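One line per chain: the protein sequences are A and B, in this order. Under the working numbering, the first residue of the first sequence is numbered 3, with each subsequent residue one higher. Under the working numbering, the first residue of the second sequence is numbered 3, with each subsequent residue one higher. Idealized CB from N, CA, C, for every residue including glycine. Only a predicted model underlies this, so the values are computations on that prediction, with no experimental measurement involved.
Protein chains: 2
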Amino acid sequence: MQVAVLAHESFPDRAKTAVGLLRYGDHEVRALVDREHAGKHVTDVLPGVQDAPIVASMDDVPEVDALLIGIAPIGGAFDESWRDDVRTALERGCDVLAGLHDFLEDDDEFVRLAEEHGGELHDLRKPPDDLTVAEGTAGEVDATVVTTVGTDCSTGKMTASFEIRDAARERGLDAAVVPTGQTGVAITGWGIVVDRVIADYAAGAVERLVETPEDKDVLIVEGQGALAHPAYSGVTTSILHGSAPDALVLCHNAGQEAIHGYESFTIPPLDEYVEIYERLAAPISDATVDAGMLNTSALDAADAVDAVATYREALGVPATDPVRDGVPDEVLDAIL
Amino acid sequence: MQVAVLAHESFPDRAKTAVGLLRYGDHEVRALVDREHAGKHVTDVLPGVQDAPIVASMDDVPEVDALLIGIAPIGGAFDESWRDDVRTALERGCDVLAGLHDFLEDDDEFVRLAEEHGGELHDLRKPPDDLTVAEGTAGEVDATVVTTVGTDCSTGKMTASFEIRDAARERGLDAAVVPTGQTGVAITGWGIVVDRVIADYAAGAVERLVETPEDKDVLIVEGQGALAHPAYSGVTTSILHGSAPDALVLCHNAGQEAIHGYESFTIPPLDEYVEIYERLAAPISDATVDAGMLNTSALDAADAVDAVATYREALGVPATDPVRDGVPDEVLDAIL
């Protein structure tokens with residue numbers, strides 16, 4: 003599929019979906035729509051991913067099949083400054099995909115334009131209608147199930163999941179990411195956005211996801227939120243228990259000391275944080291934190307090496323920055 | 003309000019809502035509708051609560067304002083064997099209240115009958131439209147916040163909450179229960195059924211509830227589920243963090259060893275379970291388990307005394323069976 007990705011004034015740091023699509027997706031990104039960086043190319047701003055021109059609006063995008071909303075703001079609201087681009091895309095007959103709490107399908111203008119011009123609206127955050135409570139059966143899955151967890155939101159859990167997938171595939175294993183957020187769903191084309199599911203069914207949704215792929219060697223479940231997060235810890239717990247993992251991988255931003263946006267809540271010491279995850283996992287699947295993933299994007303190369311070493315020591319298990327260094331054998335061995 | 007309560011073939015053990023209404027509610031219950039026990043009185047089956055005749059169907063109920071569905075089956079589905087009674091109630095112009103996952107308002111026949119005869123349909127499980135993510139502010143509430151938690155679902159958390167309320171009131175304190183389930187909402191007339199909220203907003207819903215009552219001395223937050231439950235632990239976590247409690251009270255059924263309905267999951271040893279709760283609470287509000295509540299309804303009086311003593315020893319804090327013995331000073335002192 004040929005797509006344009008909308009990321010106004012948010013690329014790359016506040017446009018996780020856009021970055022994920024450019025780095026791990028199977029779609030051909032023909033343009034990034036960002037009025038802030040218009041005129042540049044994607045790799046001028048973010049090296050090492052699929053390149054594409056950055057344009058100011060949908061008017062400047064070449065022919066594409068779909069426009070993907072590549073921003074996931076806190077709260078998930080639709081920003082009215084994106085309306086012109088979505089309108090233009092629909093008038094051109096494109097599909098529009100979004101992972102927002104505000105559904106495109108609830109917007110009368112978008113519904114009308116989609117009908118008139120033959121495009122489709124895809125709300126990636128909309129859960130299936132037939133979810134149920136978990137049955138507690140995810141632990142029976144044959145594949146090795148690895149769940150990524152974090153010290154906060156946006157610590158690289160999705161990135162770590164895809165990097166583990168790629169490293170396992172390089173070893174000849176049949177590995178798949180189990181996507182639980184809008185970016186992962188957008189990248190892979192399947193999954194459930196678990197934080198949108200009603201709370202009673204959240205673990206059940208994860209259980210269904212883990213039981214969906216057949217004959218895999220390794221499933222990497224994308225975690226969400228964090229156990230010490232005052233708002234999102236419930237989702238984290240539902241994924242931790244609903245996936246019944248064999249192993250956990252703890253993701254952290256180097257140097258981060260407080261929960262982002264909730265600065266009065268400090269991130270617990272790492273060894274303590276590991277113990278919180280393991281204590282809570284124990285009654286369901288007895289998983290331990292077997293590896294660490296550190297996001298060192300704010301550091302230079304030398305400091306990054308030191309930071310990974312320090313992180314490794316704090317956790318007592320192999321660690322890596324998966325973006326900078328990939329997933330070395332030692333880390334993959336610890337996980338599998 | 004004068005009400006009838008529907009509890010077919012479920013009273014009292016599988017009709018928590020009915021029992022709660024009879025024990026703690028302000029409504030006058032004029033009849034319990036239960037084809038199994040028809041002809042008896044409520045107190046023949048369950049001593050120590052508001053009495054009422056038990057009748058076989060809504061046809062035998064004297065004049066009332068409303069029919070309340072007093073059963074909350076696993077999964078929360080509407081049972082078609084209740085349809086005749088709901089139909090009769092609506093034809094008589096009564097309101098109908100239910101805390102099911104299946105909404106009365108989504109049933110065409112009920113909507114039509116309510117409109118025709120002037121009754122109202124109240125889906126107590128339906129959350130407000132304007133919920134948001136938690137802001138992490140519940141800890142700033144002036145009242146002492148006590149959250150009841152459990153080793154499983156149906157361990158008496160709601161009962162414990164109301165008994166603590168009543169004991170605090172007897173001491174002259176202004177105390178209120180913060181209801182998070184359909185029964186508590188039905189009894190008190192306010193609250194949010196948290197397990198029905200989308201997962202991202204569950205902690206936010208609890209935060210809003212805790213911040214709603216003004217000038218209270220004590221708020222007792224009704225917990226849900228259990229941290230070692232394979233399906234409901236996410237809701238438990240959202241309440242634990244969203245309420246930012248000062249104290250936790252652990253509820254348990256004497257002698258229970260496995261999660262009900264998930265028998266392959268054993269309940270962790272009590273001291274370990276306490277530590278799981280405290281470890282997870284620590285990053286948000288540092289609450290500890292300060293008292294225990296034991297449901298000894300399956301035991302005789304002598305065994306109950308022993309069971310409470312054993313429970314107290316396992317937890318290392320004061321304990322009681324609130325139904326049998328109320329909430330003694332020692333327990334209330336430990337909590338407040």
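Separation of B:Arg25 and B:Met3 (C-alpha to C-alpha, rounded to the nearest whole angstrom) is 15 Å. A direct Cα-Cα distance of roughly 12 Å separates B:His43 from B:Gly50. The C-beta of B:Pro324 comes no closer than 8 Å to any C-beta of chain A. Sequence-distant partners of A:Thr157 (beyond 5 residues in either direction) whose C-beta falls short of 7 Å from its own C-beta, in its chain, are Cys253, His254, Asn255 and Asn297. With its beta carbon less than 8 Å from one in chain A, B:Pro285 belongs to the interface. Chain-ordered, the chain B residues with CB closer than 8 Å to the CB of A:Arg198 read Ile200, Ala201 and Asp202.
B:Arg114 sits exposed, since fewer than 16 C-beta atoms from the chains shown fall within 10 Å of its C-beta. If the five residues before and after B:Val196 are omitted, its C-beta is found closer than 7 Å to the C-beta atoms of Thr182, Ala204, Ala207, Val208, Gln226, Val237, Ser240 and Ile241, all from its own chain and listed in chain order. For A:Gln52, the three-state secondary structure derived from DSSP is coil. For A:Ile200, the beta-bridge partners assigned by DSSP are B:Ile200.
As summarised for the stretch 76-101 of chain A, the continuous beta strand (DSSP E) elements at least 3 residues long and confined to that stretch are 97-100, given in chain order.
The beta carbons of B:His119 and B:Gly95 sit closer together than 8 Å. For B:Gly236, the neighbours in chain A by C-beta distance under 7 Å run, in chain order, Ala201, Ala204, Ala205, Gly236, Val237, Thr239 and Ser240.
Of the candidates B:Val310, B:Val148 and B:Val66, B:Val310 places its Cα closest to the Cα of B:Gly257.
Considered as a whole, the stretch 143-188 of chain A harbours 146-152 and 177-180 as its complete beta strand (DSSP E) runs of no fewer than 3 residues, in chain order. Between the C-alpha atoms of B:Ala170 and B:Leu338 there is a straight-line separation of about 9 Å.
With respect to the 8 Å criterion, A:Asp217 and A:Thr146 are not classified as neighbours on the basis of their beta carbons. Any Cβ of chain A closer than 8 Å to the Cβ of B:Pro270 would place that residue at the interface, and such an atom is present. Note that the C-beta distance between A:Ala289 and A:Leu250 is below 8 Å.
In this structure, A:Leu272 lies away from A:Leu229, with their beta-carbon atoms at least 8 Å apart. Of all alpha-carbon atoms in A:Glu65, A:Asp248 and A:Leu8, the one lying nearest the alpha-carbon of A:Val88 is that of A:Leu8.
Assigned with DSSP and collapsed to three states, A:Ser266 falls in strand. B:Val179 and A:His243 have their C-alpha atoms some 29 Å from each other. At a cut-off of 8 Å, the C-beta of B:Ala100 has no neighbouring C-beta in chain A. The alpha-carbon separation between A:Asp97 and A:Thr161 amounts to approximately 26 Å. Within chain B, the residues whose beta carbon sits less than 8 Å from that of A:Ala136 are Pro232 and Ala233, listed in sequence order.
The C-alpha of B:Leu221 is placed about 56 Å away from the C-alpha of A:Pro55. In the displayed model, B:Thr290 falls within a strand according to three-state DSSP. Around the CB of B:Arg85, fewer than 16 other CB atoms lie within 10 Å, so the residue is classed as exposed. Inclusion of B:Pro247 and B:Ser287 in the CB contact set at 8 Å is warranted, their separation being smaller than that value. A:Val223 sits in a strand when the DSSP states are folded into three classes. Here B:Ala116 has Leu92, Glu122 and Leu123 as same chain residues with Cβ atoms under 7 Å from its own Cβ, once five neighbours each way along the sequence are excluded. The three-state reading of DSSP puts A:Thr298 in coil, since its state is none of H, G, I, E or B. With respect to the C-alpha of A:Leu102, the residue from A:Phe112, A:Ile76 and A:Ser83 having the closest C-alpha is A:Ile76.
For A:His254, the uninterrupted beta strand (DSSP E) run begins and ends at Ala249 to Asn255, by DSSP.
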